[in-house]
Structure formats: structure tokens, C-alpha cells
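Report on the structure given below.
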Amino acid sequence: MLLTITTTHQPATDLGYLLHKNPAKLHSFELSFGKAHVFYPEASSNRCTVALLLDVDPVGLVRGKRGQHEGGTLDQYVNDRPYVLSSFLSVAMGRAFGTAMSGRSKGRQELADQAIPLTAKLTVIGCRPGEALIHELFEPLGYTVTTERHPLDEKFPEWGEGPYYSVILSGMVRLQDLLNHLYVLVPVLDAEKHYWIGKDEVEKLLRKGEGWLALHPHKEAIVKRYLPRQRQLAREALARLTEEDNPDPDATEQAHTEEETRMEEPMRLWEQRMGAVVAVLRSTGAKRVLDLGCGEGKLLRSLLEERSLTEIVGMDVSYRSLEIASQRLKLDRMPTKQKERLKLMHGSLMYRDKRLAGYDAATVVEVIEHLDAPRLAAFERVLFEAARPKTIVVTTPNREYNVKFETLPAGQFRHKDHRFEWTREQFQQWASQISGRFGYSVRFLPIGEEDPQLGAPTQMGVFSS
Ligand code: SAH
2 MLLTITTTHQ
12 PATDLGYLLH
22 KNPAKLHSFE
32 LSFGKAHVFY
42 PEASSNRCTV
52 ALLLDVDPVG
62 LVRGKRGQHE
72 GGTLDQYVND
82 RPYVLSSFLS
92 VAMGRAFGTA
102 MSGRSKGRQE
112 LADQAIPLTA
122 KLTVIGCRPG
132 EALIHELFEP
142 LGYTVTTERH
152 PLDEKFPEWG
162 EGPYYSVILS
172 GMVRLQDLLN
182 HLYVLVPVLD
192 AEKHYWIGKD
202 EVEKLLRKGE
212 GWLALHPHKE
222 AIVKRYLPRQ
232 RQLAREALAR
242 LTEEDNPDPD
252 ATEQAHTEEE
262 TRMEEPMRLW
272 EQRMGAVVAV
282 LRSTGAKRVL
292 DLGCGEGKLL
302 RSLLEERSLT
312 EIVGMDVSYR
322 SLEIASQRLK
332 LDRMPTKQKE
342 RLKLMHGSLM
352 YRDKRLAGYD
362 AATVVEVIEH
372 LDAPRLAAFE
382 RVLFEAARPK
392 TIVVTTPNRE
402 YNVKFETLPA
412 GQFRHKDHRF
422 EWTREQFQQW
432 ASQISGRFGY
442 SVRFLPIGEE
452 DPQLGAPTQM
462 GVFSS
């Protein structure tokens, strides 16, 4: 299998400085699966091409190795591994071009930092989902993508096309970026893994994906295919990428919250929500409670009035919201006794947090709809598996009710940052599945005036363990 990279940036032979490989020489490396060779088929000042050729030993690959090929099938000896670019390419790139991938260049740092015309030719790639995936992965990164599909067997055209493509990518990019894109995306296309196994794969993915993966429109598909059969790792990687993607939760949050409040104001829905949540807590006899995603502290205020509560903790990922909560509750002027009952904590529901363990109850009011799928999955485990309060109260909008908000255009959510709004059935399905998985039971209560067909504006699930 062969990868070539060509530049016409002049003097083109500077490519040798960027890669730390002299164009006049052949460079060879021994790898566990075979050999890698780096050489330059052309090197003039107008145009320079570097080639990375992998010589994979298909028999050596399976001999003495445990894993999916165990059992002595023909597949061990007849497979496409020697010919198609795969995760082996990434391993070889790491070895041969490691310094270039980190963006460092001894003699030409300025050039390393600069976007230059580069063309990469991949001969060949196996991509079972088809050509569209190749375009979807590389085009958002600014490449012009040309693909050529190969017949399964040239001698038997009637067998039709195979899943193999030659791909040409060209664009104005930094060499470092091109190498990192290939490192991550070639195994994603191939998705037949040999090397990705351990936890440090997540670290590797995040490192090589730094600066581009979090913003890629198909990042979810990329991560899942990069870590096949590793759902937990994929989830973790996505949660971390998503966090990166939203570096300023404060700013997004605030602007929209006011809109939502305005719309729900006429029915004083938030008041009804607070009332309903407090009533549930009262009925459980909870003494120590967490308000997760407490925002600006509306519920905290009501909780403080509940004398039976001895400890109230408000947690939010938005530092700005916590500051506002602190001002609104006049925390600095609160009598010592009150102050001792309340704690505000900066933290994220994406991560296991020891500080959250051991409480009687947790409330999660109008928060889950702000979490996209990977974050919601992380949240489920953080709260229901790790923190495990005895009672968990979750509220979320009932989407069916939205048609009753006159100012809300059809099909839109109540808040711009909402990732979803669920119907009653969707919420109940999610909640039941979560309770089953983590050993809770759940009941559902409506909040706000109920419409006979559409239900109430807010829905609440009360989980008990
Ligand atoms: N519970 C409050 C605020 C709801 S708005 C109320 O009813 O008024 C949703 C809140 O969830 C915001 O304050 C937002 O900052 C917070 N949030 C979003 N993602 C979070 C995360 N990963 N961890 C903790 N809080 C989060």
C-alpha cells in the first residue's frame, strides 16, 4: 500500500525539511507487521513528492497472534491487508513522520506553520459504506476529493465493483494537518481494526484530532468508526470532544434562557415547576439534596425555604450562572446558619465526581434537553451509576404541548440550545430504560395545566432506588 504527498510550494524540496527526511535517500523502518519505506519519486524545486510504502507481511500478521483471526481460517492468508491502507498506515506515519505530525520543524518552522498546496494520493482504500463517506469525511476539512472505484477483479467485470477506491485529496493546508487528518480518517474509512485496543486510543484520537475533530460535522461517525466495538470508549471520546466544542457554556446559555422564560411566563410555569419538585422532595423526606444544572438558582431559593433540608448543593457547568445565583440569593449577606446549608459548586455532569456521592436526592430541572446524545449518555452514568442518590427528579419540556405556545414557530424548540424536546412517550421510554439499567423505579407526573390531548407543558420523572 502506498501513500504519496506532493507539494508545488517552492522550493518544493523543502518538503524534506518538514518531514525530517532527506529527499536524496531511502529511509526504511521495521514495524511489527512488516516494513515501511519513505522515498521521493520526484524532488525538484517546482514539485516534490514523498512516498510512504508499506510492505505488510500478511502471514507474519497472524502467526502467533491472538485475536479475531484465531482459528486457522483461509482469511489469515488471503486478505486485503497488504494492499489497502488501514490503521497500519497510521502506525507507520507515527513512526516515520511523528515530528512533522506534531508541527515541529528544525530548519523550516515558518513553513511548517503555513498552509501550502498539498496533494495526497491514497492507493488504495477499502471503504465498505461507499464513496459518499470519503467525501463526507474530507470535504468539510477543505479538501477537493477525487475518487476512483476499482472493479472487484479486472478480469471478471461481471463481478462488478469492489469496495476499493483510489483517492486524491488536494488543498491548501499545513502539512501537519494533512498528516493528522490521514492518521485519524484512513482507519475510519477502513474500519477494520488491528491496532486500536486500549484506553490510550482515546487520548491518541483526541491529540491527533486537536483543533479539527471537535468541529467536524461528522465527528460522531468518525469516533464510532475509529473505536469500533468500543462503545464505552467512543462515548467518552465524544463527551470530551463535545465539551471542547462548547468552550463557553455561559454565553450560549444566558442569552436563550431569557427567551424561554418570557414564553413560559404567562402561566408562571417555572413557579409550578419549582412547586412540584419541592413537593416531591418533601414527600421523600430527603435531607441532603443536589440541584444539578442549577443555573441561576431559582430552585435553590425554594429549597432554602424548606426547613427540613439540612444541606443544599447547587452545581452548574456555567461559572457565570453560579455567579448570578450567588448574587440573586445574596449569598454574601446570608445569615451564617442559612449559608452553611447552601453550597454552590462548579462542575460538569459529564464527569464522575466524588463530591456528588451520598445524597438523598438530586434534582435535574430542565437540563437534559441541553445535552446531545453523547453527553446524555455520559450524564446517565455519572448520576445513576456513580453518584446514585436515592431519589432523582428529572423535568423536561413536553414537546407535544409546544403547539399551544403562540409565539413559538411550529417545529421549533423552546430554547435555542435545546438538543431535543421529547414527547411524553419518548421521555417515558428513556426514563424506563434508564431505571431498568441502573436499578431504579420511576413514576411520571405532569407539571402545569394539562391539556386532555397534549398533556402538560412540563413532564417530570421521579426515580427511586
Ligand atoms: N435548573 C435551572 C437551569 C436550567 S437551564 C432552572 O430550572 O432554572 C440548564 C442548565 O444546565 C444551565 O444552567 C446549564 O449551564 C446547565 N448545564 C448544561 N450542561 C451541563 C453540564 N454538562 N453539567 C452541569 N450543568 C450543565
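For the sequence shown, position 120 matches number 121 in the working numbering, and the numbering has no gaps at all.
Note that beta-carbon positions come from the ideal geometry of N, C-alpha and C, so glycine has one too.
Owing to the predicted nature of the structure, the values given are computational and were not obtained by experimental measurement.
Could you check how far apart the C-beta atoms of residue 121 and residue 170 are, in whole angstroms? I think they sit under 8 Å. 5 Å
Using 7 Å as the cut-off, classify the Cβ of residue 132 as near or not near the heavy atoms of the ligand SAH, replying yes or no. no
Do residue 164 and residue 158 count as a contact pair if the criterion is CB distance below 8 Å? no
Straight-line gap, residue 289 to residue 395 (C-alpha atoms, nearest Å): 17 Å
Neighbour-count burial assignment, residue 27, 16 or more Cβ in a 10 Å radius: exposed
The beta strand (DSSP E) enclosing residue 28, as first and last residue numbers: 28–32
On the criterion of 16 or more Cβ atoms from any shown chain inside 10 Å, does residue 371 qualify as buried, or is it exposed? buried
Whole angstroms is fine: what's the gap from residue 129's alpha carbon to residue 190's? 8 Å
Helix, strand or coil at residue 181 [DSSP, three-state]: helix
Which whole-angstrom value is the C-beta distance of residue 409 and residue 400, which I expect to be below 8 Å? Residue 409 to residue 400, Cβ: 11 Å. No contact.
Step through the CB atoms of chain B and report whether any lies within less than 8 Å of the CB of residue 150. No chain B appears in this structure, which consists of one protein chain only.
Assigned exposure category for residue 47 - 16 Cβ within 10 Å defines buried: exposed
Does DSSP put residue 385 in a helix, a strand or coil? helix
What is the rounded straight-line gap between the Cα of residue 417 and the Cα of residue 299? 20 Å
If you reduce the DSSP assignment to three classes, tell me which class residue 109 lands in. coil
I'd like to know if the segment 352–359 and the segment 422–432 are in contact, where contact means that at least 3 CB-CB pairs between them fall below 8 Å. no
CB-CB under 7 Å to residue 192, same chain, minus the five flanking residues each way: which ones, in chain order? 226 and 229
Assuming contact is defined by CB atoms lying nearer than 8 Å, are residue 380 and residue 332 in contact in what I supplied? no
Please classify residue 452: does DSSP put it in a helix, a strand, or coil? strand
Close Cβ partners of residue 55 (< 7 Å) along its chain, the five nearest in sequence each way excluded: 2, 35, 37, 89, 90 and 93
Measuring CA to CA, which of 458, 139, 284 and 377 is closest to residue 184? 139
What ranges does the alpha helix (DSSP H) occupy inside the segment 356–408, keeping only unbroken runs of at least 4 residues that lie completely in it? 374–381
Per DSSP, which residues does residue 317 bridge with? Please list them. 347
Please report how far the alpha carbon of residue 73 lies from the alpha carbon of residue 214, in whole angstroms. Low confidence applies here, because residue 73 scores a pLDDT of 49, under 50, leaving its location unreliable; read the following figure in that light. Using only the alpha carbons, I get a separation of about 39 Å.
Do residue 112 and residue 15 have their CB atoms nearer than 8 Å? yes
In three-state terms, what does DSSP make of residue 202? helix
Residue 369 and residue 397: beta carbons closer than 8 Å? yes
Only counting the same chain, and skipping five residues up and downstream in sequence, which positions put a Cβ closer than 8 Å to that of residue 328? none
Can residue 299 be considered in contact with the ligand MG, in the sense that its beta carbon sits closer than 7 Å to one or more heavy atoms? This structure lacks the ligand MG; its bound ligands are the ligand SAH.
Among all the DSSP beta bridges, which residues are the ones paired with residue 214? Answer is none; residue 214 lacks a bridge partner.
State the Cα-Cα distance for the pair residue 285 and residue 309, rounded to the nearest angstrom. 11 Å
Kindly identify the DSSP beta-bridge partner or partners of residue 473. Nothing about residue 473 can be read from this structure; the chain reaches only from 2 to 466.
Member of 173, 134 and 44 whose CA lies at the smallest distance from the CA of residue 166: 134
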